[in-house]
Every structure is written in structure tokens, then in C-alpha cells.
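Structure first, commentary second.
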């Protein structure tokens, strides 16, 4: 088991509330990653299409996500058009991290969430080395209203379990061999929510499941420039 810590975004924030105790602080460093064969390809112009199923069994209209290079090692994924969500990612060694998420209605910004100074881990290529990998990650979680007012600040800790380093998954986009990750919030408001995600090499997120809510999203199409295109 290992720990990864995120540092504070705003001066004085850490002095107000100390993070949970931990055995060690470390970042997973590793060799440079070829994005087109990574499990979360950060490639300018990449796009994914997902369809979702609710607990009642109803399927949603397709949702398209597109990725653009924002410079300085950051990539922004846009979900939706008029009412949209913009999520910023960056790679740190073998990890892909979420830095922030902004929600809009037209040109009006509704809210912003900041996932610490170095972000919240989404996927670590090092997890593939051990199917029984069990990591804990902490960061300072901050939420802001569209007006800029701080509405929530708290330390959060997530547990990441590698359920399988290779699990065949068939979705509308095709059949893929995936790494399956289970993420559980163990510290923070409403501790306990669980999410399971399946990522495929060169493809990215193939399937997402909220077992408590009975919600499922599956990949319907993917296009990574210079890489995978399916179906």
C-alpha cells in the first residue's frame, strides 16, 4: 500500500486543516509514456462517445467528449456543447491526474472544482504491474460557485484497488482488454461512494459503473489521432 499527497492551492489552506496521517508521501515516477499506447491517451483532437444506462434500464442519447491541448502539459476534455463540462488533465510520470472541472450553462460558469495543486489521480500505469495494487491518494478538494465564492474545502482520501490487470470487456465500440480499477472515497463528505472504471491501452475509458446508483456508461466510439479508431 502506498500514499500520494496533493499540496494546497491557496496560501494558508493547509494550516487551517491538516491532512490525514500517512505512512509516506510519494509520486509514481517512471519512463516517458507514448500517449497513443497509454491507458489514458492525452492526444490533441482525440474524441470519445459514450452512452449511459440508468438504474431503471433506460439508455441515454450519446454523449461526446473531445480533448484539446491547452499547453504547458495540460489537456482539456469538453463534454457537451451549450451545457458543458470542461475537465483539465495532466500527466505526472506514469499517472494521469484531474486538475480541475468547470461547469457551464451557455457562457455562464456555474461552478469550479479544484483537485489540489497537483490533481487527483485518475489512472497510474504502474498499477498494471500488480493486479493486487492498493493505493491511497489524498488531496485538498475545493469547490467554487460561478461567482468565485468558495463553497467547500476539505481533505479527501481515495482508495484505489486494481481488481484486474486484464479483463475482456465488450461495448458498442468493440471488445477490449481492460485494467479494472475500483475507487472508494474513505475520507471526506459522504465517504463511501464507489466507482469502478475499465481502461484499455490506446483507447482510454471503456466502461464506468456506479454500483450503488446502478448507473453505467459504456464506450460507443473512439478516435485517437494516429492511434485507435473504433468501431
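Residue numbers (our numbering): 510 to 740. The beta carbon of each residue, even a glycine, is placed where N, CA and C say it ideally should be. Here the structure is a predicted model, which means the values were calculated and not measured.
* Excluding the 5 residues preceding and the 5 following residue 733 in the sequence, name in chain order all residues of the same chain whose CB lies nearer than 7 Å to its CB. => Reading the chain shown from its first residue, position 224 is the one you call residue 733. Within the same chain, residue 733 has close Cβ partners 545, 550, 552, 555 and 711.
* residue 589 to residue 619, Cα distance in whole Å? -> Start at 1 with the first residue of the chain shown, and residue 589 comes out as number 80. Start at 1 with the first residue of the chain shown, and residue 619 comes out as number 110. Using only the alpha carbons, I get a separation of about 15 Å.
* Assigned secondary structure, residue 732 (DSSP; H/G/I helix, E/B strand, else coil) -> Counting from 1 along the chain shown, the entry for residue 732 is found at position 223. Under the three-state reduction of DSSP output, residue 732 falls in the strand class.
* How is residue 671 classed by DSSP in three states: helix, strand or coil? -> Translated into positions along the chain shown, residue 671 becomes position 162. For residue 671, the secondary structure class from DSSP, reduced to helix, strand or coil, is strand.
* Alpha-carbon to alpha-carbon, residue 612 and residue 592 -> The sequence position of residue 592 within the chain shown is 83, counting from 1. The sequence position of residue 612 within the chain shown is 103, counting from 1. Answer to the nearest angstrom: the Cα atoms are 8 Å apart.
* Using a Cβ cut-off of 8 Å (strictly closer), state whether residue 607 contacts chain D. => The structure shown contains no chain D, having only a single protein chain.
* What did DSSP end up calling residue 722 once you bin it into helix, strand or coil? -> Position 213 of the chain shown, counting from 1, holds the residue named residue 722. The answer is coil: DSSP assigns residue 722 none of H, G, I, E or B.
* To do: Grab me the residues of residue 562's own chain with a C-beta within less than 6 Å of its C-beta, minus the 5 sequence neighbours each way, in chain order.
  => The residue you call residue 562 lines up with position 53 of the chain shown. If we look at residue 562 and ignore the five residues flanking it on each side, its Cβ neighbours are 568 and 725.
* If we call anything under 8 Å between Cβ atoms a contact, is residue 632 one with residue 685? -> Within the chain shown, the letter at position 123 stands for residue 632. Within the chain shown, the letter at position 176 stands for residue 685. No; because the gap between Cβ atoms is not below 8 Å, this pair is not in contact.
* Local conformation of residue 626 per DSSP, three classes -> Locating residue 626 in the chain shown gives position 117, where the first residue counts as 1. It is coil, neither helix nor strand.
* To do: State the DSSP-derived secondary structure class of residue 635, mapped to helix, strand or coil.
  => Locating residue 635 in the chain shown gives position 126, counting from the first residue. In the structure shown, residue 635 sits in a helix (DSSP, three-state: H, G or I).
* Hey, would you say residue 627 sits closer than 8 Å to residue 646, going by beta carbons? -> Locating residue 627 in the chain shown gives position 118, where the first residue counts as 1. Locating residue 646 in the chain shown gives position 137, where the first residue counts as 1. No, they are not a contact pair.
* Taking only the alpha-carbon atoms, compute the straight-line gap between residue 534 and residue 667 and give it to the nearest angstrom. => Numbered from its first residue, the chain shown carries residue 534 at position 25. Numbered from its first residue, the chain shown carries residue 667 at position 158. Confidence at residue 534 is low in this model, with a pLDDT of 34, below 50, so the placement of that residue should be treated as unreliable; the coordinate-derived value is given next. Approximately 14 Å between the Cα atoms of the pair.
* **Which of helix, strand or coil DSSP assigns to residue 581** => Taking the chain shown and counting its residues from 1, one reaches residue 581 at position 72. The answer is coil: DSSP assigns residue 581 none of H, G, I, E or B.
* Those residues which DSSP pairs with residue 573 across a bridge -> For the purposes of this step, residue 573 is identified with residue 64 of the chain shown, where counting begins at 1. 558, per the DSSP bridge assignment.
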